[in-house]
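To start, the structure under review is shown below, and the notes come after it.
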Amino acid sequence: MNLEQANRRLCMRLALIALGMFGFGFALVPFYGQICAALGVNSLTQRDSVSNTQIDASRTVTIELDSNTHDLPWRFRPLVNHLQVHPGELATVEYEIVNQRAAPVTGQAVPSYGPQFAGEYFKKLECFCFTQQTLAPGETRRMPVTFVVDPKLPRDVNTITVSYTFFEVAGRGGKS
Amino acid sequence: MSAVIDHDHAHGHHDHHGGYGGIMRWITTTNHKDIGTLYLWFSFLMFGVGGIMAVVIRAELFSPGLQFVNPDFFNQLTTMHGLIMIFGAIMPAFVGFANWQIPMMIGAPDMAFARLNNWSFWLLPFAATLLALSFLMPGGAPGVGWTMYAPLTVQMGMGMDFTIFAVHLLGMSSILGAINIITTILNLRAPGMTLLRMPLFVWTWLITAYLLLAVMPVLAGAVTMTLTDRHFGTTFFNAAGGGDPVLYQHIFWFFGHPEVYVVALPAFGVISQVIPAFSRKPLFGYASMVYATSAIAILSFIVWAHHMYTTGIPVSGQLFFMYATILIAVPTGVKVFNWVATMWKGSLSFETPMLFALGFLFMFTLGGFTGLVLALVPVDIQLQDTYYVVAHFHYVMVAGALFAAFAGIYFWLPKWTGKMYDETLGKIHFWLTLVFLNMIFFVQHFLGLAGMPRRIPDYPLMFETWNKISSLGAFGMGLAQLLFLYIVVKCIRSGAPAPQKPWEGADSLEWTHLPTPVPYHSFETPPVLH
Ligand code: HEM
Ligand SMILES: [Cu+2]
């Protein structure tokens with residue numbers, strides 16, 4: 002094999018490595034998806050399972066409810082702003098959204114918690130954030146969130162703020 | 383003494399190469415020395431542009447409150463300063479060294495793919511133009527930081543798209559360059575130049591080229607995902623569609639940490655040539671240097687999340703990345719030890735290249751130590767995104783990589799041009815740069831520890847004194863680099879003729895087997911090695 006052929010062969014191999022690494026970058030996406038699923042992190046919009054619902058009546062936790070929309074022509078609010086629950090007690094709150102646009106719009110709600118680590122003790126059994134919501138023009142919808150605060154919540158946490166933000170899902174019945 | 387000298391050095395002109403004269407010569411050239419020169423001048427130009435941006439940033443930060451630029455434009459400047467310095471100044475500078483030096487150091491006539499080489503370079507001006515154009519777009523250049531984190535990147539104006547395409551071109555250029563360098567080193571060595579006889583500069587570039595090949599495509603993937611999120615309805619990083627902005631950070635830093643070694647390893651290579659030459663002793667622990675370089679490269683793939691301690695990764699993850707990061711200090715320590723041991727009982731002299739190498743040695747090590755401080759999870763949670771981080775990475779990139787580049791320029795300039803630079807001016811350039819650099823960045827440690835955030839155009843009054851010192855240092859640093867330009871131009875135009883081997887202790891092939899200045903074509907018949 003002469004030098005030129007050897008060079009060309011090596012060049013091809015190296016180019017293949019580069020191409021493979023480009024693919025690897027994209028392969029990281031499902032890979033991280035799997036890792037998150039396996040480790041149970043980043044499961045914000047998934048149903049939690051609750052096994053032990055022993056109510057701890059010795060403690061009361063204040064749940065503060067907050068709502069936001071991100072670039073979305075919706076009015077979105079909780080029907081109560083805060084409530085008190087005992088850890089382990091099943092509770093339901095309601096939210097209301099109104100589509101103010103003259104066109105159907107699809108949105109997805111993403112929750113966030115304050116303090117951040119309280120999220121893993123706030124177990125959602127039912128939530129409008131589990132699915133995307135499509136609203137007809139002018140439609141009003143009331144939606145429940147059913148939850149349990151895990152009794153393992155550290156004792157120094159007396160208040161959990163639950164904040165939902167609705168994002169528009171592009172390309173589905175709205176501007177894209 | 384192989385090559386036939388095909389042009390007239392006495393006139394100091396470079397016409398008649400490759401058939402074209404003037405500008406066409408540079409556009410069509412496939413000669414590794416020409417292309418090395420192009421890379422180096424391009425890099426210097428970008429260093430100037432990025433430097434002007436830095437001076438504007440520091441002018442704004444001279445006093446609290448808003449003086450010269452609005453916060454939006456401030457963010458754009460910070461972003462472009464970072465991108466231009468890393469991809470436009472430091473990386474092309476070392477590719478320039480690679481082009482000039484690798485063929486000469488291994489006894490090859492040129493790079494393996496000469497025309498591809500021309501392409502790798504000429505992609506860069508297009509990338510730089512795209513970056514510059516982004517300022518003219520509605521909304522201006524992206525103000526997202528050089529890390530280009532989602533979700534901000536998904537919300538930016540058109541300037542972001544220009545930046546994304548620029549990053550594509552820069553990545554393409556690096557990948558082509560890497561392929562060329564690996565092929566040259568593996569296939570074009572002179573008979574007898576075994577891998578373990580190669581100068582360390584060549585070794586560090588071989589490893590760097592593999593790093594580039596592994597991580598530049600991943601960066602290209604990350605910005606491509608940003609692009610499709612912006613325009614084609616994908617939701618890689620968009621929470622509403624099931625994506626996750628933190629995913630971007632994982633992908634980016636998988637590129638990002640090896641990237642810091644793409645910058646650092648060739649710098650290690652230059653230092654490993656300069657220190658032995660001015661110690662008049664061979665490099666101490668050559669083989670351990672090769673192994674340490676490889677170990678650093680491999681470890682650099684498993685430390686990326688030390689940039690992400692505060693993103694909510696589990697404690698076990700934080701611990702893993704903390705220990706892995708600290709582990710890198712071991713091979714890095716081996717290198718520093720070997721450089722010091724090379725000087726031990728050597729007969730040292732302190733010409734400008736050696737001064738810059740010693741500056742590198744002290745200050746890169748300091749930057750490494752602050753890196754170790756940042757690697758500690760509880761400390762980093764406090765210091766992340768403060769000026770302490772800014773101080774850290776400028777010690778490794780400016781006092782490290784840039785000092786190594788200066789050392790290399792002063793070291794090889796006589797060989798390349800056939801003329802000596804002005805030693806006195808060179809030394810003045812070194813001392814000015816050293817003093818101003820520490821004036822800029824040392825005080826930023828204090829600012830960071832006191833809690834001043836990075837990427838911010840305004841700050842509370844209590845930070846004023848240190849910021850003033852830092853800004854004054856920046857103005858001085860800028861002026862000192864004009865002196866550097868003057869020294870280089872003076873050397874090329876009217877330097878005294880240089881001997882074949884101006885540095886007594888230098889022993890690689892370009893010194894021992896080639897005349898000064900090196901002929902346009904060298905080693906067309908391979909050198910005979912003993
Ligand atoms: C060798 C050359 C090096 C370069 C060019 C470099 C560059 C950088 C840069 C640019 C950042 C800022 C990231 C950001 O935008 O937030 C950074 C942060 C960091 N570096 Fe380095 N670094 C180098 C060496 C090291 C070493 C030796 C260590 C530790 C052993 C280290 C540990 C870190 C850590 C932990 C951070 C994260 C700081 C934070 O995000 O708060 N680095 N480095
Ligand atoms: Cu890193």
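Going line by line, the protein sequences match chains A and B.
Taking this note's numbering as reference, the numbering of the first sequence is continuous, increasing by one, and the terminal residue is 177.
Taking this note's numbering as reference, the numbering of the second sequence is continuous, increasing by one, and the terminal residue is 912.
Quick reminder that beta carbons are idealized off the backbone N, C-alpha and C, glycines included.
Note that the structure is a prediction, hence the values are computed from the model and not measured.
Near ligand 2: residue i beta-carbon under 7 Å from a heavy atom
| i | result |
| --- | --- |
| V642/B | yes |
| H912/B | no |
| H688/B | yes |
| H639/B | yes |
| V771/B | no |
| V778/B | no |
| V685/B | yes |
Straight-line gap, residue i to residue j (C-alpha atoms, nearest Å)
| i | j | result |
| --- | --- | --- |
| P474/B | A786/B | 14 Å |
| T714/B | F660/B | 22 Å |
| E890/B | T606/B | A quick correction: the sequence has Ser, not Glu, at residue 890/B. So the alpha carbons of these two residues sit roughly 43 Å apart. |
| P507/B | F424/B | 8 Å |
| D390/B | G464/B | At D390/B, the pLDDT of 40 sits below 50, so the modelled position is not reliable; the number obtained from the coordinates is stated separately. D390/B and G464/B: Cα-Cα distance of roughly 42 Å. |
| P599/B | D151/A | 44 Å |
| Y792/B | V697/B | 48 Å |
| P105/A | G553/B | 42 Å |
| D355/B | L629/B | Since the first residue of chain B shown is 383 and the last is 912, residue 355/B is not available in this structure. |
| F818/B | I417/B | 32 Å |
| A679/B | G24/A | 21 Å |
| H393/B | R875/B | Residue placement at H393/B cannot be trusted, given a pLDDT of 41 that sits under 50; what the coordinates show is reported in the next sentence. One C-alpha to the other measures close to 11 Å. |
| S177/A | G615/B | Reliability of the predicted coordinates at S177/A is poor, the pLDDT of 35 falling under 50, and the value obtained from them is presented with this limitation in mind. Roughly 7 Å separates the two Cα atoms. |
| Q55/A | W75/A | 38 Å |
| T107/A | V42/A | 26 Å |
| A1/A | V163/A | Outside the shown range of chain A (2 to 177) lies residue 1/A, about which nothing can therefore be said. |
| P79/A | D67/A | 7 Å |
| S853/B | L814/B | 15 Å |
| F168/A | C128/A | 16 Å |
| A757/B | T847/B | 28 Å |
| F935/B | F77/A | Lying outside 383 to 912, the shown extent of chain B, residue 935/B is not represented and no answer is given. |
| G21/A | L15/A | 10 Å |
| E892/B | K415/B | 13 Å |
Spatially closest choice to residue i from the options, by CA coordinates
| i | options | result |
| --- | --- | --- |
| G180/A | A16/A, T70/A, A39/A, Y165/A | No information on residue 180/A is available, as it lies outside the stretch 2 to 177 that chain A covers here. |
| L911/B | I488/B, I851/B, A621/B | I488/B |
| L551/B | F469/B, Q766/B, A509/B, S853/B | A509/B |
| K125/A | N159/A, I18/A, F32/A, E90/A | E90/A |
| G139/A | Y33/A, Q6/A, E65/A, I98/A | I98/A |
| P155/A | F118/A, V146/A, T132/A | F118/A |
| V825/B | Y777/B, Q863/B, G860/B | Y777/B |
Cβ-Cβ distance between residue i and residue j below 8 Å
| i | j | result |
| --- | --- | --- |
| L896/B | M486/B | yes |
| P112/A | L45/A | yes |
| W635/B | H689/B | yes |
| L325/B | V685/B | With chain B covering 383 to 912 only, the question about residue 325/B has no answer from this structure. |
| G527/B | T590/B | no |
| P842/B | P446/B | yes |
| G750/B | A723/B | no |
| M542/B | P520/B | no |
| L681/B | T586/B | no |
| L743/B | F812/B | no |
| P640/B | A687/B | no |
| A572/B | A490/B | yes |
| V642/B | G559/B | no |
| Q537/B | L582/B | no |
Where the beta strand (DSSP E) containing residue i begins and where it ends
| i | result |
| --- | --- |
| K125/A | 123-127 |
| D67/A | 62-71 |
| V99/A | 91-100 |
| I564/B | Not the beta strand (DSSP E): I564/B falls in the alpha helix (DSSP H), residues 540-569. |
| I161/A | 160-169 |
| Y114/A | 106-115 |
| V150/A | 141-150 |
| H912/B | Premise fails: H912/B is in no beta strand (DSSP E) and is neither H nor E. |
Residue interval of the alpha helix (DSSP H) (run including residue i)
| i | result |
| --- | --- |
| W721/B | 697-725 |
| Q863/B | 846-876 |
| H463/B | 453-465 |
| Q537/B | 534-537 |
| P31/A | 4-40 |
| W501/B | 496-516 |
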